[in-house]
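Structure first, then comments.
2 protein chains.
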Amino acid sequence: MLTIGKLGAAAGVKVPTIRYYEQIGLLPPPERSAGNQRLYGRTALDRLAFIRHARDLGFPLEAIRDLLSLSDRPDQPCAAADIIAKQQLAAVEARIARLEALKSELERMVSQCAQGTIANCRVIEALSDHSSCAPGSHKPGAHSQDDKRTTPGAGR
Amino acid sequence: MLTIGKLGAAAGVKVPTIRYYEQIGLLPPPERSAGNQRLYGRTALDRLAFIRHARDLGFPLEAIRDLLSLSDRPDQPCAAADIIAKQQLAAVEARIARLEALKSELERMVSQCAQGTIANCRVIEALSDHSSCAPGSHKPGAHSQDDKRTTPGAGR
DNA sequence: CTAATGTCTCCAGCAACTAGAGGTTCAAGA
DNA sequence: TCTTGAACCTCTAGTTGCTGGAGACATTAG
Numbered sequence: 001m002l003t004i005g006k007l008g009a010a011a012g013v014k015v016p017t018i019r020y021y022e023q024i025g026l027l028p029p030p031e032r033s034a035g036n037q038r039l040y041g042r043t044a045l046d047r048l049a050f051i052r053h054a055r056d057l058g059f060p061l062e063a064i065r066d067l068l069s070l071s072d073r074p075d076q077p078c079a080a081a082d083i084i085a086k087q088q089l090a091a092v093e094a095r096i097a098r099l100e101a102l103k104s105e106l107e108r109m110v111s112q113c114a115q116g117t118i119a120n121c122r123v124i125e126a127l128s129d130h131s132s133c134a135p136g137s138h139k140p141g142a143h144s145q146d147d148k149r150t151t152p153g154a155g156r
Numbered sequence: 001m002l003t004i005g006k007l008g009a010a011a012g013v014k015v016p017t018i019r020y021y022e023q024i025g026l027l028p029p030p031e032r033s034a035g036n037q038r039l040y041g042r043t044a045l046d047r048l049a050f051i052r053h054a055r056d057l058g059f060p061l062e063a064i065r066d067l068l069s070l071s072d073r074p075d076q077p078c079a080a081a082d083i084i085a086k087q088q089l090a091a092v093e094a095r096i097a098r099l100e101a102l103k104s105e106l107e108r109m110v111s112q113c114a115q116g117t118i119a120n121c122r123v124i125e126a127l128s129d130h131s132s133c134a135p136g137s138h139k140p141g142a143h144s145q146d147d148k149r150t151t152p153g154a155g156r
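Protein sequence lines, in the order shown, are assigned to chains A and B. Numbering of the first sequence is given in the UniProt record's numbering, commencing with residue 1 and proceeding in unit increments. Numbering of the second sequence is given in the UniProt record's numbering, commencing with residue 1 and proceeding in unit increments.
Next comes the structure, spelled out in structure tokens:
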């Protein structure tokens, strides 16, 4: 029997995250020790490792929830799991395509910066200039809004 | 003078988003009409278009805040702006690299799915199997935690 | 004048956690 | 056996970048 800390270390998941997964119903409530501490077995470790791996692959928790409930019924056909994975693949491909476009625009910006003053900085200018925006892309409420979640410094 | 709705339509930004930008100090509080409605001029439109473009490029709001305060002082050298753009470029490149890895793992998963039952589904199996995880990657508290924000259906 | 839209403020919520406060339990050393 | 210190408990609130709703006022078209 593993305490929550050992479980987290074994699966590569932080302790509060495990409690969070339990709270939202991704992990079942475990046994408790006499002193009310959570105790986990092999199945919990497997399930958590599954979640962790799927998260690493970018699956949203809702998709993981579906995948888990599928894997709880091994007799069913696996078409549904296949569909989820394919959707995730398509989402990843779309994100890559979009990021590639951003990358080339950023490269252009950076390469043009002549280290002068702000007044004639290409970086600022490129951002101010919306002539390169596709003309039809300003339909109110219709613009793309994928990959707007970069937050580079938000990790551990 | 533009009302908030016109401004939003002109810049391709939703009305509540504009109010949110004002709230967090990215946009200055505008003039008000006799009936307390916001009225914007040309400079506000330029500033908002700048923000929108930078967001499209994936810059986090904090970086945009820095960029804006730089562009308010045109005499300064533009090295700082250059650094921000380069950081963003590096972040984008890192995200692309990571997504490419995810993509190939997902492609492998999907291509192996033989449309059988869950019991022998490659998708589920691939997720359960952590043998392909790099052995050193389970140092507690040290795993990557970039690109964990996919949320494919979360757009407008 | 009236109806429909647009706008106002404030508050709550989304994902997926993370961090902190304030208290309890456990395992090991003296 | 006692004591320390780490690990654990619950609960609340914060993060990023918005989005949506409620209920009330303003503006505009017919």
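Virtual Cβ for every residue (Gly too), placed ideally from N, Cα, C.
Which listed residue (the options) has its alpha carbon closest to that of residue i
| i | options | result |
| --- | --- | --- |
| residue 204 (chain A) | A:Y40, A:G12, A:I64 | No answer is possible for residue 204 (chain A): it lies beyond the span of chain A, which begins at 1 and ends at 156. |
| L67 (chain A) | A:S104, A:L26, A:G12 | A:L26 |
| K72 (chain A) | A:T43, A:Q23, A:E105, A:R32 | Note that residue 72 (chain A) is Asp in the sequence shown, not Lys. Checking every option, the nearest Cα to that of D72 (chain A) belongs to A:T43. |
| Q112 (chain B) | A:A81, A:Y20, A:V13 | A:A81 |
| L99 (chain B) | A:A91, A:L102, A:S104, A:P28 | A:A91 |
| residue 158 (chain A) | A:P16, A:A9, A:R65 | This structure cannot speak to residue 158 (chain A), because chain A is shown only from 1 to 156. |
Simplified DSSP state of residue i, which is helix, strand or coil
| i | result |
| --- | --- |
| V13 (chain A) | coil |
| R32 (chain B) | strand |
| Y21 (chain A) | helix |
| L7 (chain B) | helix |
| S132 (chain A) | Unreliable placement is indicated for S132 (chain A), whose pLDDT of 48 sits below 50; the coordinate value is still reported in the next sentence. Correct three-state label for S132 (chain A): coil. |
| A154 (chain B) | The pLDDT assigned to A154 (chain B) is 30, lower than 50, so where the model puts this residue is not dependable; a value taken from the coordinates is nonetheless given after this. Three-state DSSP puts A154 (chain B) in coil, outside helix and strand. |
| M1 (chain B) | coil |
Enclosing alpha helix (DSSP H) for residue i [first to last residue]
| i | result |
| --- | --- |
| I96 (chain B) | 79-112 |
| R65 (chain A) | 61-71 |
| L48 (chain A) | 42-56 |
Beta-carbon neighbours of residue i, restricted to chain A and to distances below 8 angstroms
| i | result |
| --- | --- |
| I96 (chain B) | I96, L99, E100, K103 |
| I18 (chain B) | The premise fails here: I18 (chain B) is roughly 12 angstroms from chain A at the closest Cβ pair, so nothing lies under 8 angstroms. |
Listed by chain order, chain A residues near residue i by CB distance under 9 angstroms
| i | result |
| --- | --- |
| E31 (chain B) | Correct list: empty, because the minimum Cβ distance to chain A is about 22 angstroms. |
| G41 (chain B) | In chain order: nothing, as chain A lies at least about 16 angstroms away. |
Proximal chain B residues relative to residue i, where beta-carbon distance stays under 8 angstroms
| i | result |
| --- | --- |
| D46 (chain A) | S128 |
| L26 (chain A) | Within chain B, no residue comes near L26 (chain A); the closest Cβ sits about 14 angstroms away, beyond 8 angstroms. |
Chain A residues whose Cβ lies nearer than 7 angstroms to that of residue i
| i | result |
| --- | --- |
| K86 (chain B) | V110 |
Interface residues of chain B facing residue i [CB-CB closer than 9 angstroms]
| i | result |
| --- | --- |
| D66 (chain A) | Simply none; closest approach about 11 angstroms. |
Closer than 6 angstroms: residue i CB and nearest the ligand FMN heavy atom
| i | result |
| --- | --- |
| E93 (chain B) | Within the structure as shown, the ligand FMN is missing, as the structure has no ligands at all. |
Chain B contact residues for residue i, given Cβ-Cβ distances below 7 angstroms
| i | result |
| --- | --- |
| L106 (chain A) | L57, A85, Q88, L89, V92 |
Open item on the list: Across the region 83-97 of chain B and the region 55-66 of chain B, are there enough close Cβ pairs to call them in contact, namely three or more that are closer than 8 angstroms?
Closed with: yes
Open item on the list: With three or more C-beta pairs closer than 8 angstroms as the rule, is the region 1-17 of chain A touching the region 29-47 of chain A?
Closed with: yes
TODO: Report yes or no: do three or more beta-carbon pairs, one from the region 67-76 of chain B and one from the region 42-53 of chain A, lie closer than 8 angstroms?
DONE: no
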